[in-house]
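A quick write-up on the structure given underneath.
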Amino acid sequence: MQKKLIALAVAAALTAPVAAMAADVTVYGKAFLNIESVTNDKNNVVANGGALANSNSAMRINNDASRLGFKVSEDLGDDLKALAQYEVQMDLNGNVGNGLGNGTRNSGLGLEGGFGKAIVGVWDSPYKVVHNKVELFDNTTSFSALNIIGRANGGAVVNYNTRQKNMIQYWSPKFAGFQAAVSYSPDSAQTATANKAVMSLSGTYDVDAIYVALGFENRADATVVGKTDSATRLTARYNFGPAWIGATVESIKINMAATPFSYSQSNMELVGQFSFTEKDTIALSYAKAGKTNVVNTGANQVSLRVGHNFSKTTEIFAAYTSLKNETAGAYNTTASTAFGATTGATVSAFGVGLIKSF
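Under the working numbering, the residue at position 54 of the sequence shown is numbered 424, and the numbers go up by one with no gaps.
Put into structure tokens, the structure is as follows:
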């Protein structure tokens, strides 16, 4: 009996690591906070969700998409893997109260193999991801060019920098630097007159110093039933030595409820970064919303960033941005609040932030 028990214990000890290794689990995350001073020349300052009467400036601490995630990959054999990912935004400065931020980030369940990769869940659209290669601020801060890029008609209603819910997304295998992606989000509440399904596509070439990507998205209009909106985006980046330069151009077409009539807009961004030491960088971005068929609804934004990397996972940075609306423009410096939404406002922000990834 004792020999049998010993044999069982040895077998369990040998098989336990195999079972643990069958599924590869990774825990990851990012802690990202910055303190900033913001001003608005139209006296419409918002800080932490509350309006400050008779004031055009405020100090605030922003939780810039801090996150916690879990990735699981299991080898099923025959060049096939099962994938699962669950990622949520975390609240680091106590504004939410339950520790969670604005909800679920990229999360889903899928398969990967020689055919490519497919995920069902909630995920950044291919159209949004096209811009990531030239993004300086992780898409979330007052300083990001995505305050203008991907937005139209003031940016409050039409935003193409989205993470689509209830979607299926497919990435093709990479071939000679080329890769395609497509996502489809069906409208589970579709009616006889309204279908708010979203289709997003991208094609990417990424080899050595060159990155070029084209994105397209088609969705139901936000205000006019039975009409669709669309956006096309081209992003490029070139690396040379300690520096890189990039650019984005896009065209957005939407419908307006008033007439209705078609509204078209062209956006652009020029951006570059230079590493003047192994750990120190300086970067500059200029974004413009313009060439609309509605007079004076555009805006432009200039952002400057200086960063110091203590390590590969820890960085401190200082940044400044100035966003100037035309007389009928109403773009924001922060996507999650109403700050800066005053028509014709010039909004600026200066801040210092710390980023810790793991």
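Beta carbons: idealized from backbone N, C-alpha and C, even for Gly.
Beta-bridge analysis with DSSP links residue 572 to 551 and 585.
The C-beta distance from residue 489 to residue 446 rounds to 16 Å, too long to fall under 8 Å, and the pair is not in contact. Scanning its chain for C-beta atoms nearer than 8 Å, with the 5 sequence neighbours on each side dropped, one finds around residue 533 the residues 475, 476, 492, 493, 494, 495 and 498, in chain order. For residue 647, the closest C-alpha among the options 677, 402, 503 and 724 is that of 677. Under DSSP, no beta-bridge partner is assigned to residue 498. Straight through space, the alpha carbons of residue 449 and residue 580 are spaced by roughly 30 Å. Proximity to residue 567 across 485, 589, 407 and 713 peaks at 589, based on C-alpha coordinates. Under the three-state reduction of DSSP, residue 517 is assigned to helix. Of the residues 433, 486 and 478, the one whose Cα lies closest to the Cα of residue 466 is 433. With contacts defined as CB atoms closer than 8 Å, residue 539 and residue 550 fail to qualify as a contacting pair. Here DSSP, grouped into helix, strand and coil, assigns residue 504 to helix.
Bounds of the beta strand (DSSP E) holding residue 533 are 533-541. Per the C-alpha coordinates, the member of 459, 478, 621 and 693 positioned closest to residue 410 is 693.
Counting along the chain, the unbroken beta strand (DSSP E) around residue 692 starts and ends at 684-695. Per the DSSP secondary-structure output, residue 648 pairs with nothing in a beta bridge. The straight-line gap separating the alpha-carbon atoms of residue 675 and residue 440 is approximately 30 Å. Note: residue 510 is not bridge-paired with any residue in the DSSP secondary-structure output. Around residue 510, the same chain offers 434 and 435 as residues with beta carbons nearer than 6 Å, after the five sequence neighbours per side are excluded. A Cβ-Cβ separation of about 14 Å leaves residue 640 out of contact with residue 659 under the 8 Å criterion. The C-alpha of residue 654 lies about 7 Å from the C-alpha of residue 643.
Going by beta carbons, residue 701 and residue 521 fall inside the 8 Å limit. When the Cα atoms are used, residue 699 and residue 468 turn out to be separated by approximately 36 Å.
Residue range 393-410 is occupied by the beta strand (DSSP E) that includes residue 397. A residue is called buried once 16 or more other Cβ atoms fall within 10 Å of its Cβ, and residue 396, having fewer, is exposed. Counting only residues of its own chain and dropping the five nearest sequence neighbours on each side, residue 555 has a CB closer than 7 Å to the CB of 534, 535, 536, 537, 567 and 568. The Cβ atoms of residue 412 and residue 714 sit closer than 8 Å to each other.
The residue among 478, 487, 557 and 547 with its C-alpha nearest the C-alpha of residue 541 is 487.
Each residue's CA atom was taken as its position, placing residue 459 and residue 478 some 15 Å apart. Within the same chain, Cβ atoms closer than 7 Å to the Cβ of residue 624 are found at 522, 523, 528, 591, 599 and 633, the five residues on either side in sequence being excluded. By DSSP's assignment, residue 567 forms no beta bridge with any residue.
Partner residues in the beta bridge of residue 442, as assigned by DSSP, are 395 and 454.
If you check the CB distance, residue 408 and residue 428 come in under 8 Å.
Boundaries of the beta strand (DSSP E) harbouring residue 724: 716-727, taken from the DSSP string. For residue 690, same chain residues with a beta-carbon under 6 Å away, outside a window of 5 residues either side, are 674 and 720 in chain order.
Between residue 400 and residue 727 the beta-carbon gap is near 5 Å, inside 8 Å, which marks them as a contact.
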